[in-house]
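For the sequence shown, the UniProt record's numbering gives the first residue as 1, with consecutive numbering after it.
Ideal Cβ positions, reconstructed from N, Cα and C, are used throughout, including at glycine.
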Amino acid sequence: MGRYGALCKNLTEIFHCICILAFYKYATDFCWFLSLTTETYWPLTLRNSELPHDLLLEFDVDPITSNLTKCTILDTLVLKEGIKSVQLTYEDLVNISDKRWKPDFDPKVQLVYPQAFNTSSIVDRLLRREPIPEAPINNPRFRYLVLSKEVCHPQIPSSHRYNIVVVVKSSIANSQQRQEFRRIYHPYTNSNGRLLLGLRIGLVFSVGTPRSQQDNIFQRGEHQVQLTSSGGNFLNPNDLHRITVQFEEEKSKYDDLIVGEYEDTYFNLTTKSHYSFTWAATFCRRSRPTMLFVDDDMPFSVKHLARVVRSLPRRTRSTFLHGRIYTNTGVFRFEDGVSIPKWNVLKAEVPWPAYQTYAVGYFLLASFEHVERLALAMLFTQKFPVEDAWIGVVAFKLDLTMRPAREIFDWRLILTKMKHNLPSVPSWVFM
């Protein structure tokens with residue numbers, strides 16, 4: 001009887017331990033849910049409930065705040081010769097040839113980039129419904145021709161249950177790559193996806209509209225560029241017609257598309273990124289998920305993603321801004337030096353001779369807190385076509401630090417091990 005009693009006691013203790021562990025898991029999941037469902041004021045408002053969905057930034061310009069001093073930079077931090085110890089404006093920087101810049105010029109030069117006010121302060125003012133010094137330099141209106149019904153739809157409550165949302169920035173011509181993404185990730189994402197470590201994951205594709213001009217010629221300042229790669233090979237009447245027909249069929253069949261009213265070309269990648277961040281910050285506010293932005297040649301491991309996000313505390317998750325980091329990479333010009341036409345930028349777009357820190361566009365893990373601030377700051381940062389370097393400028397103006405993905409990911413596990421037919425970057429780029 002003594003042995004039996006001891007056995008019962010042991011079993012009771014084991015049962016209690018199981019109950020405690022189960023309660024802990026439930027409480028952890030519940031706390032995760034609570035931490036992601038706090039809505040705050042957002043200055044981008046939905047103007048209509050029917051398609052197309054128009055977003056408009058609400059703001060007031062105060063004549064008093066408009067007199068605030070714009071950022072400048074001392075020439076000693078920029079020039080390697082001809083120094084006069086004077087403050088330089090953005091217009092001054094544009095007129096300084098690349099050869100006159102110091103190789104190690106101060107990164108704070110990015111604060112002078114239009115608009116040259118304190119961008120973080122402007123974002124804070126917008127979130128507090130306070131007047132700002134100037135209207136945004138970029139269009140404060142966004143038009144979405146299609147919104148995903150699966151993920152973060154304003155009228156479908158069940159579409160707001162995700163802890164992680166993946167935005168695949170996809171060329172409108174890449175219907176086969178989108179289809180392969182659907183095949184690979186269908187078991188783990190959206191309404192029919194199973195939980196991964198207790199997390200729900202949503203996945204959408206961010207695209208624009210077919211180009212109206214029926215060729216691959218683009219005007220870049222005084223220069224004409226013929227785009228022969230990166231989708232330029234599809235910019236002809238026959239392919240554009242085919243792509244348009246295919247895309248209409250795709251829109252009618254799938255509910256995972258976000259379609260912005262902009263022409264989907266390589267030179268509009270910056271606009272695509274702006275639409276993607278704005279969609280996330282505006283329509284995913286109920287759940288405030290961790291965001292992953294990838295290109296459609298980035299077949300990531302959804303299981304490793306879930307493992308990383310689940311294993312880290314909320315404080316760490318709130319600071320996510322991780323990717324493949326580049327720094328001090330030279331710009332390409334039309335006028336002189338090394339020229340790669342699709343990557344060339346004008347002096348009026350990028351006056352400095354080298355990009356500072358940025359995350360390469362094919363992979364960026366970001367906290368919702370950072371996404372919403374970046375989305376607003378993008379309105380006040382003059383666009384140029386190299387979208388990942390542009391996002392790097394926006395982040396710098398907000399004093400946000402971009403960090404290497406390898407700090408939180410195992411670089412060998414970032415890419416999926418599942419068989420697929422997608423083009424892909426090699427895993428070693430994340431070393």
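Per-residue DSSP class, three states only, for E91 | The count along the sequence shown starts at 1 and reaches residue 91 at position 91. It is helical.
Tell me whether W32 sits in a helix, a strand or coil according to DSSP, three-state version.
-> Mapped onto the sequence shown, residue 32 falls at position 32. Confidence is the limiting factor: at W32 the pLDDT is only 48, short of 50, which leaves the residue's position unreliable and the question unanswerable from this model.
Per DSSP, which one or two residues make a beta bridge with D54?
-> Along the sequence shown, one-based indexing puts residue 54 at 54. BP columns for D54 point to R143.
Cβ distance (whole Å) where H322 is taken to contact R403 below 8 Å = If you number the sequence shown from 1, residue 322 lands on position 322. If you number the sequence shown from 1, residue 403 lands on position 403. Between R403 and H322 the Cβ distance is about 5 Å, and since that is below 8 Å, they are a contact.
Out of V61, P299, T357 and P140, point me to the one whose CA is closest to F181's CA.
-> Sequence index remark: in the sequence shown, residue 181 carries index 181 (1-based). If we check each option's Cα against that of F181, P299 comes out closest.
Beta-carbon separation of E134 and V86 under 8 Å?
-> By 1-based counting over the sequence shown, the position of residue 134 is 134. By 1-based counting over the sequence shown, the position of residue 86 is 86. Not a contact, by the Cβ cut-off of 8 Å.
Note down the Cα distance separating K419 from V166, rounded to an integer number of angstroms.
-> Position 419 of the sequence shown, counted from the first residue, corresponds to residue 419. Position 166 of the sequence shown, counted from the first residue, corresponds to residue 166. If you take the alpha carbons of K419 and V166, they lie about 20 Å apart.
Span separating the alpha-carbon of V338 from that of N344 | Within the sequence shown, the letter at position 338 stands for residue 338. Within the sequence shown, the letter at position 344 stands for residue 344. Distance from the CA atom of V338 to the CA atom of N344, rounded to whole angstroms, is 9 Å.
Between G330 and T357, what straight-line distance do the alpha-carbon atoms span, to the nearest angstrom?
-> Working through the sequence shown from its first residue, we reach residue 330 at position 330. Working through the sequence shown from its first residue, we reach residue 357 at position 357. Using only the alpha carbons, I get a separation of about 12 Å.
Could you give the DSSP three-state label for D98: helix, strand or coil?
-> Against the sequence shown, residue 98 aligns to sequence position 98. D98: helix per DSSP, three-state reduction.
Measuring CB to CB, does P385 end up less than 8 Å from T270?
-> Against the sequence shown, residue 385 aligns to sequence position 385. Against the sequence shown, residue 270 aligns to sequence position 270. It is a contact, given that the beta carbons lie within the stated cut-off.
C-alpha gap between L346 and D264, whole angstroms = Numbered from its first residue, the sequence shown carries residue 346 at position 346. Numbered from its first residue, the sequence shown carries residue 264 at position 264. Distance from the CA atom of L346 to the CA atom of D264, rounded to whole angstroms, is 21 Å.
Taking DSSP as the reference, what is the three-state secondary structure of L21?
-> Counting from 1 along the sequence shown, the entry for residue 21 is found at position 21. Confidence at L21 is low in this model, with a pLDDT of 41, below 50, so the placement of that residue is unreliable and no value is reported for it.
Of the residues Y275, L55 and V225, which one's Cα is nearest the Cα of P341?
-> In the sequence shown, the residue the question calls residue 341 occupies position 341. Looking at the Cα atoms, V225 is the closest of the given residues.
Could you tell me how far apart the beta carbons of L415 and H370 are, in whole angstroms, since I believe they sit closer than 8 Å?
-> By one-based count along the sequence shown, residue 415 stands at place 415. By one-based count along the sequence shown, residue 370 stands at place 370. Wrong, their Cβ atoms sit about 24 Å apart, outside the cutoff.
For my contact list, S170 and F205 are in at a C-beta cut-off of 8 Å; report their separation, rounded to the angstrom.
-> Counted from its first residue, the sequence shown places residue 170 at position 170. Counted from its first residue, the sequence shown places residue 205 at position 205. About 5 Å separates the beta carbons of S170 and F205, which is inside the 8 Å limit, making them a contact pair.
Sufficient close CB pairs (3 or more, under 8 Å) joining the region 361 to 378 to the region 116 to 135 | Contact between the region 361 to 378 and the region 116 to 135 is present, because at least three Cβ pairs lie under 8 Å.
What is the residue span of the beta strand (DSSP E) that V166 lies within?
-> Numbered from its first residue, the sequence shown carries residue 166 at position 166. Its beta strand (DSSP E) spans residues I164 to K169.
With DSSP as the reference, please indicate the residues paired to I340 in a beta bridge.
-> Sequence index remark: in the sequence shown, residue 340 carries index 340 (1-based). Partner(s): none; I340 has no beta bridge.
Report buried or exposed for T28, applying the criterion of at least 16 other Cβ atoms within 10 angstroms of its Cβ.
-> Taking the first residue of the sequence shown as 1, we reach residue 28 at position 28. Bear in mind that a pLDDT of 41 at T28, under 50, signals an unreliable position, so the model cannot answer this.
Measure how close the beta-carbons of R315 and V309 come, nearest whole angstrom, since I'm counting them as under 8 Å.
-> By one-based count along the sequence shown, residue 315 stands at place 315. By one-based count along the sequence shown, residue 309 stands at place 309. The Cβ separation is near 13 Å, so there is no contact.
V393 beta carbon less than 8 Å from that of residue 465 | This structure cannot speak to residue 465, because the chain is shown only from 1 to 431.
With 16 other CB atoms within 10 Å as the buried threshold, where does T327 fall?
-> Working through the sequence shown from its first residue, we reach residue 327 at position 327. So T327 ends up on the exposed side.
For G221, which of G208, E349, S158 and A281 has the nearest alpha-carbon?
-> As a position in the sequence shown, residue 221 is number 221, starting the count at 1. If we check each option's Cα against that of G221, E349 comes out closest.
How about L364 and F293: are their beta carbons less than 8 Å apart?
-> Position 364 of the sequence shown, counted from the start, is the residue given in the question as residue 364. Position 293 of the sequence shown, counted from the start, is the residue given in the question as residue 293. A contact, by the Cβ cut-off of 8 Å.
Residues bridged to P404 [DSSP beta-bridge criterion] = Taking the sequence shown and counting its residues from 1, one reaches residue 404 at position 404. Beta-bridge pairing links P404 to G323.
Using the rule of at least 16 other Cβ atoms within 10 Å of the residue's Cβ for burial, across every protein chain shown, is M291 buried or exposed?
-> Looking up residue 291 in the sequence shown gives position 291. By the neighbour-count rule (16 or more Cβ atoms within 10 Å), M291 is buried.
Out of D388, I64 and T72, state which residue places its alpha-carbon closest to the alpha-carbon of F277.
-> Counted from its first residue, the sequence shown places residue 277 at position 277. Check the Cα spacing between F277 and each of D388, I64 and T72: the tightest is with D388.
Can you tell me which of the three DSSP states F293 falls into?
-> Here residue 293 corresponds to residue number 293 of the sequence shown, with the count starting at 1. Here DSSP, grouped into helix, strand and coil, assigns F293 to strand.
Nearest to V94 by alpha carbon, out of E248, S230, P353 and S175?
-> In the sequence shown, the residue the question calls residue 94 occupies position 94. Nearest C-alpha to V94: P353.
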